Amino acid sequence: MGAVVITEDVTERQRAEEKIEYFSEFTKNIIESTHVGIYALDRKGTVLIWNRGMVRQFDIDAKELVGRNIFEAFPALEEETLGAAIKAALGRGESFERAGLWHRTRDKGERVINAKVNPLSDASGRLAGAVVIIEDVTERVRTEEKLRTSEERFRTLTANIPVGVFRTTADPAGRLLSANPALAKMFGYGTPEAMYEVPVAGLYLNPDDRKHFIEAVGSSGAISDYEVRLKRKDGAAFWGSLSARVITDEAGKAAFIDGVLENVTERKWNEEALRESEEKYRTLVEQANDGVVIVQDGVFKFANEAVAQLTGYDSPRDLTGKEFAPFVAAEFRELVLEKHRSTMSGEGAPSIFEIAMLRKDGSEVPIEVTSGIIRYEGRPAAIVTVRDITDRELVLDKVKKSLNGTIYAMSKMVETRDPYTSGHQLRVARLARAIAREMDLAAGQVDGIFMAAAVHDIGKISIPEGILSKPGRLTELELNIIKNHPQVGFDILKNVEFAWPITHVVLQHHERLDGSGYPRGLSGDDIPVEARILSVADVVEAMSSHRPYRPTLGVDKALEEISEFKGVRYDSQIVDVCLKLFREKDFGFN
């Protein structure tokens, strides 16, 4: 007996298997580490591989999908281009590649993807499945779309703004790289492209100014309001204001200059004309009868001789450099400061108003003030004209006293016809004035309300005494005669020239917010505030006083009436002020 031993050297095979295992692991690592999504399918569409790229992009774990049919896991895939490409690869071995596909995911909605589908073959070359490579480019597409939109908006903006927008090279000669239509128009060219062959230095009236500009912008990296004379295509000169910044390359070297150009020729001409006329203007101002001052930064920069005389100083130089506010009487100081702020901000038109000014000795002098805005020494300033109105105030005071006397006489004339309401109009006037003052209305408006209230029942002069003093209930005809007294009062007063709208207040003092009043049934804001004040004061006084047809109801009942109908018949703010006067400030008709 014996034995036959057969041996085979398997070293090479082991090495080959180890190499296959190594490359298999290597391939797996590459598939798992790549940022793109990769999944592999067998011929039936079963998921064999689902890499981390797919997990990151679509938030679906490999454990959930490996071993499942891709079309069962994602039914919507049947209707997509990608689904058709996968079927073609599995069925016919066709390859597919497409960018910008819309792909419906399970949890992230519709996404934009770049996709590749390649068939897989086994060792014998037979079709074994397919590999799908997906890159989610949704955010990139959105970013690119935003960038396109932004660029389009920028092009639209630069094409339509009235100032020139440009980019040039950073060398002294300069080459224009881009420009908007406004820049071409400014230099007299038909299109921006027509300027691209013209050296930028040739657009300056003095070519050396281009070099000076480059030095200025280069030293700081940016420059604003650099004024220089430029030259149009036809040789005409104009003033331009340049604002620009340097754009550097990766090495930090100046590569481009981006900027804007504004044509300021008209402004420069105006400034020159202003300088030329300043001396003439100063001469006129210094010789003017009215006082003239220029106020800048809150102090007098200039004053003429008339102001010095008005304030009691020996010379205009004594005023220069002093703050202007202390020269205004305390009660007017806040008003003057507010008007000065409004003037300097450009919000208000030149205004005329009256205040009291303090002289050097502390005495007050009434003045009329007119203010406006000018440029003084290159900066905005207020120019103020002051006029002494002492004589005019004396005349006006006499006129006012005369008018008050006339109003008082007219009020008494009505009371002779209706003795039961003696003193009614003046009591109403005092309450109406108190309400107006508490509402902080202007002094002139308060005076107008008082005068209107003092004659508000003047129309009753046309009513027969029998109706005015009738102790019983009025008939409808008699009531209609009574309701006509506001119109009669208006007709009596309409040709008298008052400084305030007295006639309309008299006409409307029986109107009510809800339209229930007379004679015209006005409502809401159609009734002026003066008439709304008078209507409240009239009701409170009337209910508090004795009448032929009833005894007095008392102040408390009157206040209940206006409280009950506050915001309905009577203005809410005015009612609140009236209640405050009686309940907190002890107002009384006595």
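Numbers 2 to 591, taken from my numbering, label the letters of the sequence shown in order.
Cβ atoms here follow ideal geometry from the backbone N, Cα and C, with glycine treated the same way.
Predicted model, so just to flag it, every value in this text is computed and none were measured.
- Remark: fewer than three beta-carbon pairs, one from each stretch, lie closer than 8 Å, so the segment 220-228 and the segment 165-172 are not flagged as touching.
- If you check the CB distance, Glu512 and Ser536 come in under 9 Å.
- Taking the CA atoms as reference points, Ile374 sits about 40 Å from Asn496.
- For the options Glu251, Ser179, Val506, the alpha carbon positioned closest to that of Asp492 is the one of Val506.
- Contact annotation, Ser564 with Val556: C-beta distance approximately 12 Å; criterion of less than 8 Å not satisfied.
- For Arg112, the enclosing beta strand (DSSP E) covers residues 111-122.
- Going by DSSP, Leu178 is part of no alpha helix (DSSP H) but of the beta strand (DSSP E) stretching over 177-180.
- Taking a C-beta distance under 9 Å as the contact criterion, Thr106 and Phe167 do not qualify as a contact pair.
- Listed in chain order, the non-local C-beta contacts of Arg438 below 6 Å within the same chain comprise Val447, local neighbours out to five positions each way being set aside.
- Counting other Cβ atoms within 10 Å of its Cβ, Lys558 stays below 16 and is therefore classed as exposed.
- Residue burial annotation: Gln426 is buried, with at least 16 other C-beta atoms found within 10 angstroms of its C-beta.
- When DSSP states are grouped into helix, strand and coil, Asp43 belongs to the strand group.
- Within the same chain, Ile482, Ile483, His486 come within 7 Å of Ile464 by CB-CB distance, once the 5 residues on both sides are set aside.
- In this structure, the beta-carbon distance from Leu582 to Phe588 falls below 9 Å.
- Distance from the CA atom of Lys232 to the CA atom of Glu145, rounded to whole angstroms, is 40 Å.
- For the pair Leu275 and Leu206, the Cα-to-Cα distance works out to about 25 Å.
- By the CB criterion at 9 Å, Pro367 and Thr344 fall outside the cutoff.
- Non-local beta-carbon contacts of Gly130 in its own chain, meaning distances under 8 Å to residues more than five positions away in sequence, involve Ala41, Leu42, Asp43, Arg44, Leu49, Leu91, Pro120, Leu121 in chain order.
- Note that the C-beta distance between Gly490 and Val456 is below 9 Å.
- Per DSSP, reduced to three states, the secondary structure at Asp389 is strand.
- Inter-residue distance for Glu585 and Val530 is about 23 Å (C-alpha atoms, whole angstroms).
- DSSP places Ser463 outside any beta strand (DSSP E), giving it a letter other than H or E.
- Scanning its chain for C-beta atoms nearer than 6 Å, with the 5 sequence neighbours on each side dropped, one finds around Val387 the residues Gly292, Ile368, Val370, in chain order.
- By the CB criterion at 9 Å, Tyr197 and Leu178 fall inside the cutoff.
- Leaving aside the five residues that flank Asp137 on each side, the residues in its chain whose CB is nearer than 6 Å to its CB run, in chain order, Gln58, Arg112, Ile114.
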